[in-house]
Amino acid sequence: MVIAGGGVAAAALACLLRNDGFGVVLLTRRRRSRVAQAPVIEALPEATVRLLAEVGLDGALVAAGAVAVRGFDNTYGPGGARTLDGVWTHVDRLQLARECLLVARRRGAAVLPVSTIGPLVDLPGSGIRVRVGERDLRAVAAVDATGRAARWSRPVARSGSEGATMFTGPGCTRARPGRVVRVRDGWAYRLEHPHASTVGVVRRPGAGVTALDDVLAGGLDVDDPERFVRVGIRPAAVQWSCRPVGPGRIAVGDAALALSPLAGQGLRFAVSSALAAAAVLRTWNGGVWKGGVWNGGTWSDGARALALDYYRCFVEGVRLRHLATLAAIAGAQASGSAAPDDLHGNLLDPGRRLRWAARVERVGVNRGGRIVAGECCVLPDGGLVRWVGGVDLLCLRDAVADGRTPAQMCAALARLGIADASAHVLIAWALRVGALG
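Going by my numbering, the first residue of the sequence shown is number -14, and it counts up by one from there.
This is the structure we're talking about:
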C-alpha cells in the first residue's frame, strides 16, 4: 500500500495496515526550510482520545506532551457563556503527527521523503502505479492523506470561504480550559498548553487581523497579547473531495473531508476515516496476501462495489451531519435563542407516543474490520447507523413496536439488559437525530 502524507490520518492507517501484515510505504513531503514550524495546539474531545487508543496511538499522545484539561468555555452561542463539562486533551497537532509517524515506522512502515508527489496511474487488474523521482512504485492501492491539497482526490468542493488567522504565544504551566467567543464577522478561540498557546481568529476573506487587539484579548482572556505572534492564515471552510474513493484508491482525513474547526472534530475524523479505510482495504484485499506477496486480480466485483459504496456513504454522512450542525449554530445565532443540548425533557412526558422514523436498508457495514452486506438504519440526514453506544438500533426499533411511550420502550429495552439510564440517553439521541418521531 502507498500512502501519500505524513499526518495523523496517514500514520493511523499505516499502523492498522501493518497490523494486518500489509507492506506500507508513506510518501511524505520533504521540508524545504529548516525553520521550526510554529506549534498548533488543538483540544481533543474524549471520543477522539478513545479512537487514538483503539489504533494504538495513545502512547503517541503521551510522547507529544498532551495534557488533560477539564471543561471548555463557550461564549459563542446566543444562550450566553457556559462551561462545557468533560475532559479535553490539549496537544500540539504537529508534534502529535510526528509521534504518530514514529509509531508507524516502528511497526514497519517505510517512510520515503519526496519533493513532489506524482499522479496515480491505474493498472487494470494489478493495482496502482505512482511516479516517485526517477522510479515507479506499484501498489495494491493508493491512499490520499495529503490534507486539503487532496492531490489524488480532486476535484474538491467547499462550503464557505473562511480563513483562520493563527497566532502563537507563550505556554502556561497550568493550562486553562479552552475558550471560544464570537467576534465581529466570525469567531475566535484560545487553547493553552505548557509549551505554547494558540489563538485562532476565523473570519470571512479580507477580514483577517494582524495582531491581537484589546477587544480580542479581553474576550479570549489573554493577559499578554503583545507576546502572541501572527504565524499565518489557514483555510477554515468545510472542504470535501467529490470522489473520496474509487477503484484502487481512497482518501482519508482532510483529503476526504476537511471540517470546520468550530466543531473540533478534525482529528476525530482523521482517525475514524483511517479505521473505515482500513476495513475497505481489507475487503478489497480479499485474503490474497501470502507471504507479503500480492497474487493480483482476485477482488470480487461485488465486494469491491459494496466497499466503495460504504466509504462514500461514510464520508457523505459525516459531511451532511457536520454542515447541519453548523447550520443549526448559525440559525440559533440568527434567532437569538440557544439550541437545546438534548431532548430529555420530551422523555418526561409519559403520554408522548413515539414512532420509528428511520428507514432500514441493506448496505455495506463494517463488521469485524471488513465490509459486508447488512441491515443499517438510514437517518433523515442520510447518515447510516447500526450501533450506538454498543446498542443495536434495531433493538430500539423493536422496542417501539412493544410500546409507544418512553416508559414502555425503556421497559422493553430493560428486558434486553439495557439499563434504564442508558435507555433514556439512547431514546433522547434517537429523537434528536430523527430516528424516532
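By construction, the Cβ of each residue, glycine as well, lies at the ideal position given by its N, Cα and C atoms.
Item	Value
Collapsed DSSP secondary structure at Q22 in the structure displayed	coil
M394, enclosing alpha helix (DSSP H) - first and last residue	391 to 399
CA-to-CA distance, D170 to R188, given in whole angstroms	6 Å
Rounded C-alpha distance that separates L379 from V52	39 Å
Sequence-distant residues of its chain with Cβ nearer than 8 Å to Q22 (five each side left out)	L79
Integer-rounded CB distance, given that L291 should sit under 8 Å from I235	Their Cβ separation, rounded to whole angstroms, is 14 Å, which puts I235 and L291 out of contact at 8 Å.
C-alpha gap between V(-13) and G271, whole angstroms	18 Å
Reduced DSSP secondary structure (H/G/I, E/B, other) of P140	coil
Strand pairing of Y174, partner residues [DSSP]	V165, G185
Per-residue burial, A94 [other beta carbons within 10 Å of its own, 16 or more giving buried]	buried
V500 to G336 span [Cα, whole Å]	Outside the modelled stretch of the chain, which goes from -14 to 422, sits residue 500, for which no answer is possible.
Other residues of its chain near L260: CB distance less than 6 Å, five sequence neighbours each side excluded	none
Three or more C-beta pairs below 8 Å linking the segment 100 to 118 and the segment 66 to 80	no
Identity of the residues DSSP links to V96 by a beta bridge	L11
Inter-residue spacing [alpha-carbon to alpha-carbon] between I113 and E211	51 Å
Spatial distance of C362 from A343 (CA atoms)	6 Å
Classification of V54 by the beta-carbon crowding that lies within 10 angstroms, buried from 16 upward	buried
Outcome for D129 when other beta-carbon atoms lying within 10 angstroms are tallied against a minimum of 16	buried
Segment contact, 8 Å Cβ cut-off, at least three pairs: the segment 178 to 186 with the segment 154 to 168	yes
Nearest-angstrom Cβ-Cβ length linking T60 and V194, presumed shorter than 8 Å	Actually they are not in contact, since the Cβ atoms of T60 and V194 sit about 18 Å apart, beyond 8 Å.
Buried or exposed (CB count within 10 angstroms, at least 16 for buried), A313	exposed
Own chain residues within Cβ distance below 6 Å of G359, not counting five before or after	V350
Which residues DSSP lists as bridging P220, in chain order	G148
According to DSSP, residues forming a beta bridge with R120	V117
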